[in-house]
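**Q** Numbering (my numbering), first residue to last: 13 to 538. Each residue gets a CB set at the ideal place from its N, CA and C atoms; glycine is no exception. Right, I'll just put the structure down here and ask away after.
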Amino acid sequence: MKASYIYAIIVALYLGLGIYSGLHHEMWRDELQAWSLAASSNSLGELYANTRYEGHPLLWFLVLFALTSVTKQVVAMQVIHLLIAAAAATILLVYAPFPRWQRILLIFGYFMLYEYATICRNYGIAVLLLLIYCVLMSRPRVNYLLAFGVLTLLAQTNVFYAIAAVALALFTLIQYGYSAGGKVAGLLRRPDLVAGGVLFGLGLGVAAFTMMPPPDTGYATGWNFAFDPGLFALQVDHIWESYFPIPKLTKDFWTNNVMDGLGLSAAVSHYAKLLLSVGILLYVLLLFARKPTIAFLAGFGTLAILTFCYVKYSGYLYHHGSFYFLFIAAYWLSYYVTPIRVRPVLVNRVSVWCNRYSGVFLLTILLAGVAAASISIYKEVRYPFSESKAVAQFIDKSSYRDYPIAGKLDYTLTPVASYLSKKIYYPQADRWGSFVIWNARRDSISTEQFIREGQQLSQGLKRDVLLIFNQKPGVGASRLIPLRSFTNGIITDEQYYLYILKYVPDTLPLREQPPQLRVSLPHGVR
C-alpha cells in the first residue's frame, strides 16, 4: 500500500477519534470566554477592546471573530479547531523526518489528540505553526523570511509559545551563523534573513503589546523577581508532567498527574517529579550535546519558559505542553544538523549512548502520551467535562428561557451564557454580559449579598429571577425555591445549583434592605 493511502487512513482515524471526543466534550469557561469575546465584538476595534484583559495575543480571537461573523453556532469553533489539529497531525505525519511509528504515536498522544484537539484553545494553532516552521527549516534552501513570518504568527498565539518562538528565532540565527562560518558579513548575502529577523522583532513587539493588560487588571497581577530555590523547583516539576501527562484515574483527572494519585504525601510526590524532571532535562541536553545549536534550542527554550512560570504565572498542563513541543521541534530539527565531537570526551561518549537509546526514550514518552489520551477520552465520554451545557439545555428547553438570570461566580457562568447566547447579570462587577472583564471592579460577594442583590433585581424588574450558585447556598430566603442541581462534571467549580427567586412586591421591610445595593437593570428596563 502506498504511503499516501496509509497516511490518509491514519488521518481519517485521527479525525474520527477527534469527532468522537468532541461530540462528548462540554466546553468550559476558557474555551467559551474566547468565543463570547469574539461573538460580542462588532468590529476589530471592539474586539481589541474586549480582549485587553485576557493576557493573550489576538490571533485566536481573530480566527473566532471571522468565524462568528458567519455563524453564532458555538459548535463551529469545535469544527475549525479540530480541522486545525488535523492539519497539524497531517503535517507531522507526512513531513517529520523521524520513524513512522514515532509519528503515529505522537499524533495519537495526549496533546495532539486530546488537549490541543478536543479542548478549543489557542494552543492547537500554536502547534500547527510550530510544525510548519519545522517543515520550512527542513528544506535544502531555507526561505528565512517565510520561516520568521511563521514564528511571528506563533508569537501571536499565547505567551508560552511566544517564548518558544523567541528560542526558535535565536536558534535560526545561530544555526545560520554556524553554516556561514561565523562571519557576520554572511548576513548581507541573505536579505531574507535580515528582513525576517526585523519582521519577527516587530511581531514580537505587537504580541507583547496586546498581551499587556490595562493598569486596572485584576488577574495574575504580581511578578516574583526574588529567587526562591524551593519555589523554582516546583516549576521544574512541570517538565515531568508535560513529558508524562498520564492523569490520575479519578473523575477530576484533568490537569492532574498520576504521581499525585499514588497516595504519596505532597512532599514525596514533588521530590519524585523534581528528580524525574531533572533526569529528563539532562537526558535531552546530552542527547543533543553533539549538536550545540539544538542543545541551545532545547535548553534555552525550557529555561525561558520555566523562568516565566516562576516570575509571573505557573500555569497548568495545557500551558506546559510548550515544554513537550519544544522538544519535538528540537528533535525534528536535529535531523538536519551535523553532529560534532565535543569535549570532554566523557560528554561525547554519553551523548553517543543517549542517541543510541533515543528510540527507547521516545517510545516511553510517546506511549505515555497515548495512555494519557486514552484515559482522558474515556473520562470525557463517561462524565460531562463541564455541567454548563446541561444547565443551558435545561434552561433553554424549559419555561425559564426568558427569565432574567444572575450568577454568583461570574467566570463559571460564562459558558452558560455562551451556550444560551444570552447575557447574565454578574453582581461581582454590576453588569450584564456573556464574558468576564478581568478588571479590578470585580468584587467577591457572599451568598447573602448575592441573594440580596437578586432580590433587588427581582424588585427592579418586577418578576421572578433565576439564580445560579456554584455551591449549595448555606443560607435561605423565603422566596428562594430550589429548582435543580448539576453536580457530575469533571470541572469541579463548574457545578451548578439553580433556584427561582419569586417576585413579591415590597416583600422586604425597609430596615432589611441592604445599603447601597448596586444592581443594574438591563438596557431599556427601568
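With respect to the beta strand (DSSP E) encompassing S430, which residues constitute its N-terminal and C-terminal limits?
**A** Stepping through the sequence shown from its first residue, residue 430 is reached at position 418. Segment 422-432 is the alpha helix (DSSP H) holding S430; no beta strand (DSSP E) there.
**Q** By DSSP, does V516 sit in helix, in strand, or in coil?
**A** Residue mapping note: residue 516 aligns to position 504 of the sequence shown, counting from 1. Correct three-state label for V516: coil.
**Q** Tell me the DSSP secondary structure of Y438 in three-state form.
**A** Residue 438 sits at position 426 when you count from the first residue of the sequence shown. Reduced to three states, the DSSP call for Y438 is strand.
**Q** Just to confirm before moving on: does the CB-CB distance between I292 and F300 stay below 7 angstroms?
**A** Numbered from 1 along the sequence shown, position 280 holds the residue referred to as residue 292. Numbered from 1 along the sequence shown, position 288 holds the residue referred to as residue 300. No, Cβ-Cβ distance for I292 and F300 is not below 7 angstroms.
**Q** Mind pulling the alpha helix (DSSP H) runs of 4 or more residues that sit fully within the segment 75-122?
**A** 87-107, 112-119, all fully within the segment 75-122.
**Q** With a 10 Å radius around its C-beta and 16 neighbouring C-beta atoms as the bar for buried, classify W365 as buried or exposed.
**A** Along the sequence shown, read from residue 1 onward, the residue named residue 365 stands at position 353. Exposed, because fewer than 16 other Cβ atoms sit within 10 Å of the Cβ of W365.
**Q** Indicate whether I502 and W266 have their beta-carbon atoms separated by less than 7 angstroms.
**A** In the sequence shown, counting from the first residue as 1, residue 502 sits at position 490. In the sequence shown, counting from the first residue as 1, residue 266 sits at position 254. Yes, the pair counts as a contact, with Cβ atoms nearer than the cut-off.
**Q** Can you tell me which of the three DSSP states I31 falls into?
**A** Translated into the one-based positions of the sequence shown, residue 31 becomes position 19. Helix, per DSSP.
**Q** Report buried or exposed for V87, applying the criterion of at least 16 other Cβ atoms within 10 angstroms of its Cβ.
**A** Counting from one through the sequence shown, the residue named residue 87 turns up at place 75. Its Cβ having fewer than 16 others within 10 Å, V87 is exposed.
**Q** Across which residues does DSSP place I407 in a beta bridge pair?
**A** Along the sequence shown, one-based indexing puts residue 407 at 395. Partner(s): none; I407 has no beta bridge.
**Q** Could you check whether T130 and H37 sit closer than 7 angstroms to each other, using their CB atoms as the reference points?
**A** In the sequence shown, counting from the first residue as 1, residue 37 sits at position 25. In the sequence shown, counting from the first residue as 1, residue 130 sits at position 118. Their beta carbons are under 7 angstroms apart, which means H37 touches T130 by this criterion.
**Q** What does the Cβ neighbour count give for G161, buried or exposed, with the cut at 16 atoms within 10 Å?
**A** By one-based count along the sequence shown, residue 161 stands at place 149. Buried.
**Q** If you measure between the beta carbons of S400 and E506, is that distance less than 7 angstroms?
**A** The residue you call residue 400 lines up with position 388 of the sequence shown. The residue you call residue 506 lines up with position 494 of the sequence shown. Cβ distance < 7 angstroms, so S400 and E506 count as in contact.
**Q** Check Y365 in the structure and name its three-state DSSP category.
**A** For this step, residue 365 is matched to residue 353 along the sequence shown. Looking at the sequence itself, residue 365 is Trp, so the reference to Tyr does not match. Correct three-state label for W365: helix.
**Q** Just to confirm, is the Cβ distance from L140 to A100 under 7 angstroms?
**A** For this step, residue 140 is matched to residue 128 along the sequence shown. For this step, residue 100 is matched to residue 88 along the sequence shown. Taking 7 angstroms as the Cβ cut-off, L140 and A100 qualify as a contacting pair.
**Q** Figure out for me which residue from T314, K260, N367, C321 has the closest Cα to the Cα of K303.
**A** Within the sequence shown, residue 303 is the residue found at index 291, counting from 1. Cα-wise, what sits closest to K303 is N367.
**Q** Between the C-alpha atoms of R523 and Q467, what's the straight-line distance to the nearest angstrom?
**A** The residue given as residue 523 occupies position 511 in the sequence shown. The residue given as residue 467 occupies position 455 in the sequence shown. Confidence at R523 is low in this model, with a pLDDT of 38, below 50, so the placement of that residue should be treated as unreliable; the coordinate-derived value is given next. Straight-line Cα distance between these residues: approximately 14 angstroms.
**Q** Candidates L315, N268, M124: which alpha carbon is nearest A385's?
**A** Translated into positions along the sequence shown, residue 385 becomes position 373. Comparing Cα-Cα distances from A385 to each of L315, N268, M124, the minimum goes to M124.
**Q** Might you give, ordered along the chain, the residues of its own chain that have their beta carbon closer than 7 angstroms to the beta carbon of N62, omitting 5 neighbours on each side?
**A** By 1-based counting over the sequence shown, the position of residue 62 is 50. Same-chain partners within the cutoff: L49, S52, S53.
**Q** Tell me, please, whether the segment 410-420 touches the segment 379-393 by the rule of three or more beta-carbon pairs shorter than 8 angstroms.
**A** Segments in contact, no.
**Q** By a C-beta neighbour count over all protein chains shown, 10 Å radius and 16 as the cutoff for buried, is M564 buried or exposed?
**A** Lying before the first or after the last residue shown, residue 564 is absent from the chain, which here runs from 13 to 538.
**Q** My guess is that F172 and H331 are in contact by the Cβ rule of under 8 angstroms, so how many angstroms apart are they, rounded?
**A** As a position in the sequence shown, residue 172 is number 160, starting the count at 1. As a position in the sequence shown, residue 331 is number 319, starting the count at 1. That belief holds up - the Cβ atoms of F172 and H331 are roughly 5 angstroms apart, short of 8 angstroms.
**Q** Quick check: A177 and L166, are their CB atoms within less than 7 angstroms of each other?
**A** Locating residue 177 in the sequence shown gives position 165, where the first residue counts as 1. Locating residue 166 in the sequence shown gives position 154, where the first residue counts as 1. Yes, these two residues count as a Cβ contact at 7 angstroms.
**Q** In its own chain, which residues sit with a C-beta less than 8 angstroms from the C-beta of Y60, not counting the 5 before and 5 after it?
**A** As a first step, residue 60 must be located in the sequence shown, where it is residue number 48. L70, T222, listed in sequence order.
**Q** For N62, which three-state DSSP category applies?
**A** As a working note, residue 62 is residue 50 in the sequence shown. N62: helix per DSSP, three-state reduction.
**Q** Name the two residues that bound the continuous alpha helix (DSSP H) containing R496.
**A** Within the sequence shown, the letter at position 484 stands for residue 496. Careful: R496 lies outside any alpha helix (DSSP H), inside the beta strand (DSSP E) at 492-498.
**Q** Identify every residue that forms a DSSP beta bridge with F481.
**A** Stepping through the sequence shown from its first residue, residue 481 is reached at position 469. Answer is Y509, bridged to F481.
**Q** Following the continuous alpha helix (DSSP H) through I306, name the residue where it begins and the one where it ends.
**A** As a position in the sequence shown, residue 306 is number 294, starting the count at 1. 304-323 is the span of the alpha helix (DSSP H), which, as asked, contains I306.
**Q** Give a yes or no on whether the C-beta atoms belonging to I92 and L79 are separated by under 7 angstroms.
**A** Residue 92 sits at position 80 when you count from the first residue of the sequence shown. Residue 79 sits at position 67 when you count from the first residue of the sequence shown. In contact: I92 and L79 (Cβ atoms closer than 7 angstroms).
**Q** Nearest by alpha-carbon distance to A310: which of F239, T350, L182 is it?
**A** Position 298 of the sequence shown, counting from 1, holds the residue named residue 310. That would be L182, whose Cα lies nearest to the Cα of A310.
**Q** Is V403 buried or exposed, if buried means 16 or more other CB atoms sit within 10 Å of its CB?
**A** As a working note, residue 403 is residue 391 in the sequence shown. Answer is buried; the Cβ neighbour count reaches 16.
**Q** Consult DSSP for R394 and reduce its assignment to one of helix, strand or coil.
**A** Position 382 of the sequence shown holds residue 394. Residue state, collapsed to three classes: helix.
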